[in-house]
Amino acid sequence: MKPTDTDDPEYFHKVVDCQYGCPAHTPVPEYIRLIAAGRYTDAYMVNWESNVFPGVLGRTCDRPCEPVCRRGRVEDEPVAICRLKRVAADFKGNIEDRLPVIPDIKNGKRIALIGAGPASLTVARDLAPLGYSMDLYDDQPLGGGFMRSQIPSFRLPVEVLEEEVDVILNMGITTHFETYVDSLKSILDKSYDAVFVGTGAPRGSDLDVPGRVECEAHIHVGIDWLSSVAFEHISSIGKNVIVLGGGNTAMDCCRTARRLGGEHVKVVVRSEFAKMKASPWEIDDALAEDIPVFNNHVPKAFVHEQGVLKGMSFDRVDVVYDEKGKRSLVPTGEEVFFEADDVLVAIGQDNSFPWIERDIGIEFGKWDIPVLEKETFQSTLSHVFFGGDAAFGPENIITAVAHGHQAAISIDLLLSGESINDRPPATVNLVSQKMGVHEWSYDSQISIEDRFKVPHADKELALKDRKVEVELGFAREVAYKEAMRCLNCDVQTVFTTSKCIECDACVDICPTACINFLDNAEEQPLRSSLRMPATNLAQDLYVSELLPQTGRIMAKDEDVCLHCGLCAERCPTGAWDMQRFFYSVTKAGSACN
């Protein structure tokens, strides 16, 4: 097997999995170390540079970083990366002196941002310091987009959202709230140098079964209903409520309904419980609030008496998979009736662009989604860009932020007269963490703690008021303990072949038996012959050059390496070192200005 080149950034991408799993590539181990050191404001700013909304995401992120956390390879639970992000936001100090300086004299380029959600706000955050003049249009009275209208206050307090949104709006952005853009051509006629569309996926899917028209007054599309609740147009609901759908919106709907007077709220889904699209923690929170989930129920009809909704009937089904894995819903012959005063339909969201004329040069493809360059987010009309849910369909906040960063780079390149395909590389650096003999610039203790649970507000109190935040966040002491569970995956083991005397001291001290000295071989036989066979083929082995003493190699299974640094502490010759890998995603302006 060929030696691993530890100077290759791609190697480290495969090791710092949490950062690579985050769409915005937030330096997770870096900010967790800062939290452990009590440097909350520094930790917040590390987050803010990448994900823009640490306080929001610390409460609401879909957590793509956590399933790939390497702690989960040696324990049942990953590090609570998302909730530690909230810790940085909860305990930070004043950040005003750390924010970018906004030039008084602009660069002469004007940009329109349509939609005030996370994607547009990220574009504004990245481009305002470069001197661009920006007009932000949104039909809502305040900024935040669907972060404001679709995420309930018991998950995301309004003051947390407004604080982080206002940081951006105060960067000299000209806002046009309560302004519905009904024509993209009318925006283009204003001679903007670039236009960014971040309008989300604003159309909730509906359900066309018998009785839908007759029961119109008591059947609500989930995202529209949540928006009406958020802006206090709706303050109550019937005692018996059915929520259709198994995604996060359905979880938000059912939990909100409990707070608005729903005494008997149930979630009904077509699929198996295990196939529900909602995040597991969202489902757990709903179940903890006494909301049952009925799976394998296919809606049949809205049952009514002279237009008065009485409930819904469902066909009970079995889910059957054929030899190719294709799913079929097979009726059992059983019909089920659930009583309901109101029904919330949360079965999906779609893009909706009736306001974009089809004769202005923007092509649309499948599902009425604009045809875009996936890396640049440029449409077929060269100075119009899309991002967030408006680009490729419904995703999540952190993905919208990642889109915004990349679209901002494209806009800056375009308006600087550069090719938008000639994108500047990310910042990559390796620095030794050795300070002295057996002294490291990071904490290398091995934590054996299980994941700590986030405390919740009293259920009886929380269900009485939709504005009472349910999750209370970690206290400082608990946050420190949880932060210590991080394995410092960005602090890498680096091996210098010429210094190794093959004393096996590193082998003896390694707590996971991941270091091996043996004869070289092809990859699969080599994996099988390690002290602990390396079965995760998605994770590369770390393989050295031939050792000078015996001609063997050193092979390390990165899949279970804890990055604890014990090998480097024990090595008598310094053949092992711990080096911090720093990876920072490029932002707009880094190459052009």
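Take the sequence shown: its letters are residues 431 to 1023, numbered as in the numbering used here. Here a beta-carbon is modelled for each residue, glycine too, at the ideal position from N, C-alpha and C. Computed from a predicted structure; not experimentally measured.
Legend entry - Cβ contact (3+ pairs, closer than 8 Å) linking the stretch 763-779 and the stretch 714-733: yes
Legend entry - Under 9 Å between C-beta atoms of N946 and L967: As a first step, residue 946 is located in the sequence shown; it is residue number 516 there, counting from the start. As a first step, residue 967 is located in the sequence shown; it is residue number 537 there, counting from the start. Contact flag unset, no.
Inset, instruction - Compare the beta carbon distance of I581 and T490 with 9 Å and say whether it is the shorter of the two. - result: Here the question's residue 581 lines up with position 151 in the sequence shown. Here the question's residue 490 lines up with position 60 in the sequence shown. Yes. Within cutoff.
Legend entry - F607 - DSSP class collapsed to helix/strand/coil: Locating residue 607 in the sequence shown gives position 177, counting from the first residue. Looking at F607 - three-state DSSP - the assignment turns out to be coil, as it is neither helix nor strand.
Inset, instruction - Leaving aside the five residues before and after T604 along the sequence, list all residues of the same chain whose C-beta is less than 8 Å from its C-beta, in chain order. - result: As a position in the sequence shown, residue 604 is number 174, starting the count at 1. Within the same chain, T604 has close Cβ partners S563, M564, D565 and L566.
Legend entry - DSSP state of C1022 mapped onto helix, strand, coil: In the sequence shown, counting from the first residue as 1, residue 1022 sits at position 592. Confidence at C1022 is low in this model, with a pLDDT of 42, below 50, so its placement is unreliable and no value can be given for it.
Legend entry - W797 classed as buried or exposed, judged by whether at least 16 other C-beta atoms fall within 10 angstroms: The count along the sequence shown starts at 1 and reaches residue 797 at position 367. Exposed.
Inset, instruction - State the start and end residues of the unbroken alpha helix (DSSP H) segment that holds Q836. - result: Here residue 836 refers to the residue found at position 406 of the sequence shown. Here the alpha helix (DSSP H) through Q836 covers I827 to L845.
Inset, instruction - Mark I649 as exposed unless 16 or more other C-beta atoms lie within 10 angstroms of its C-beta, in which case mark it buried. - result: Working through the sequence shown from its first residue, we reach residue 649 at position 219. Buried, since its Cβ has 16 or more Cβ neighbours within 10 Å.
Inset, instruction - Could you tell me which residues DSSP pairs with N1040 in its beta bridges? - result: This structure leaves residue 1040 out entirely; the chain is present only between 431 and 1023.
Inset, instruction - Count the other C-beta atoms from every protein chain shown that fall within 10 angstroms of the C-beta of N859, then say buried if there are 16 or more, exposed otherwise. - result: The residue you call residue 859 lines up with position 429 of the sequence shown. Exposed: under 16 other Cβ atoms inside 10 Å.
Inset, instruction - Mind checking who H886 pairs with in its DSSP beta bridge? - result: Here residue 886 refers to the residue found at position 456 when the sequence shown is read from its first residue. E901, per the DSSP bridge assignment.
Legend entry - Exposed unless 16 or more other CB atoms sit within 10 angstroms - verdict on S550: By one-based count along the sequence shown, residue 550 stands at place 120. Answer is buried; the Cβ neighbour count reaches 16.
Legend entry - Where G488 falls: helix, strand or coil (DSSP): Here residue 488 refers to the residue found at position 58 of the sequence shown. G488: helix per DSSP, three-state reduction.
Inset, instruction - Output the distance between the C-alpha atoms of T1003 and I939, rounded to the nearest integer angstrom. - result: Here residue 1003 corresponds to residue number 573 of the sequence shown, with the count starting at 1. Here residue 939 corresponds to residue number 509 of the sequence shown, with the count starting at 1. Those two C-alpha atoms are separated by around 15 Å.
Inset, instruction - Could you check the C-alpha separation between F626 and Q863 for me, to the nearest Å? - result: As a working note, residue 626 is residue 196 in the sequence shown. As a working note, residue 863 is residue 433 in the sequence shown. The straight-line gap from Cα to Cα measures roughly 42 Å.
Inset, instruction - Please name the residue, chosen from C944, S812, N950 and M914, that lies closest to P508 on a Cα-to-Cα basis. - result: Mapped onto the sequence shown, residue 508 falls at position 78. Among C944, S812, N950 and M914, the Cα nearest to that of P508 belongs to M914.
Inset, instruction - Identify every residue that forms a DSSP beta bridge with N859. - result: Counting from 1 along the sequence shown, the entry for residue 859 is found at position 429. BP columns for N859 point to F1012.
Legend entry - Sub-9 Å separation of E594 and V476 beta-carbons: As a working note, residue 594 is residue 164 in the sequence shown. As a working note, residue 476 is residue 46 in the sequence shown. No, the pair does not count as a contact, with Cβ atoms beyond the cut-off.
Inset, instruction - Could you tell me the distance, in whole angstroms, from the CA atom of R500 to the CA atom of T456? - result: Along the sequence shown, read from residue 1 onward, the residue named residue 500 stands at position 70. Along the sequence shown, read from residue 1 onward, the residue named residue 456 stands at position 26. Answer to the nearest angstrom: the Cα atoms are 16 Å apart.
Inset, instruction - At 4 residues or longer, and completely inside the stretch 444-529: list those alpha helix (DSSP H) runs for me, N to C. - result: 447-451, 458-466, 470-481, 484-490 and 511-521
Legend entry - Beta-carbon gap between V402 and D714 smaller than 9 Å: With the chain represented from 431 up to 1023, any question about residue 402 goes unanswered, as that position is not in the structure.
Inset, instruction - Please state whether DSSP places V590 in a helix, a strand or coil. - result: What you label residue 590 is simply residue 160 of the sequence shown in a count that begins at 1. The answer is helix: DSSP assigns V590 an H, G or I state.
Legend entry - Per-residue burial, L971 [other beta carbons within 10 Å of its own, 16 or more giving buried]: Within the sequence shown, the letter at position 541 stands for residue 971. So L971 counts as buried.
Inset, instruction - Could you give the DSSP three-state label for P559: helix, strand or coil? - result: Start at 1 with the first residue of the sequence shown, and residue 559 comes out as number 129. DSSP places P559 in helix when its eight states are reduced to three.
Inset, instruction - Can you grab the Cα-Cα spacing for the pair P963 / I792, in whole Å? - result: The residue given as residue 963 occupies position 533 in the sequence shown. The residue given as residue 792 occupies position 362 in the sequence shown. Approximately 53 Å, taken between the alpha carbons.
Inset, instruction - Can you give me the Cβ contacts of E460 inside the same chain, cut-off strictly under 6 Å, excluding the 5 residues immediately before and after it? - result: Numbered from 1 along the sequence shown, position 30 holds the residue referred to as residue 460. Counting only Cβ-Cβ distances below 6 Å, and skipping sequence neighbours, we find V476.
Inset, instruction - Check whether the stretch 518-536 touches the stretch 799-818, taking contact to mean three or more Cβ pairs, one atom from each stretch, closer than 8 Å. - result: no
Legend entry - Closest Cα partner of I827 within the set L917, A680 and P484: As a working note, residue 827 is residue 397 in the sequence shown. The shortest C-alpha separation from I827 is found at P484.
Legend entry - Same chain only: Cβ atoms within 7 Å of E719, ignoring 5 sequence neighbours per side: Position 289 of the sequence shown, counted from the first residue, corresponds to residue 719. Closer than 7 Å at Cβ, skipping near neighbours: R685, R688, K889 and L893.
Inset, instruction - Could you tell me which residues DSSP puts in a beta bridge with W1006? - result: In the sequence shown, counting from the first residue as 1, residue 1006 sits at position 576. Paired residues: F925.
Legend entry - Integer Cβ distance of H377 from A546, believed to fall under 8 Å: The question about residue 377 has no answer, for the chain in this structure spans 431 to 1023.
Legend entry - Length of the line joining the Cα atoms of C933 and P433: Here residue 933 refers to the residue found at position 503 when the sequence shown is read from its first residue. Here residue 433 refers to the residue found at position 3 when the sequence shown is read from its first residue. So the two alpha carbons sit approximately 21 Å from each other.
Inset, instruction - Could you please give me the residues that DSSP links to P729 through a beta bridge? - result: Residue numbering aside, residue 729 sits at position 299 when the sequence shown is read from its first letter. For P729, the beta-bridge partners assigned by DSSP are F744.
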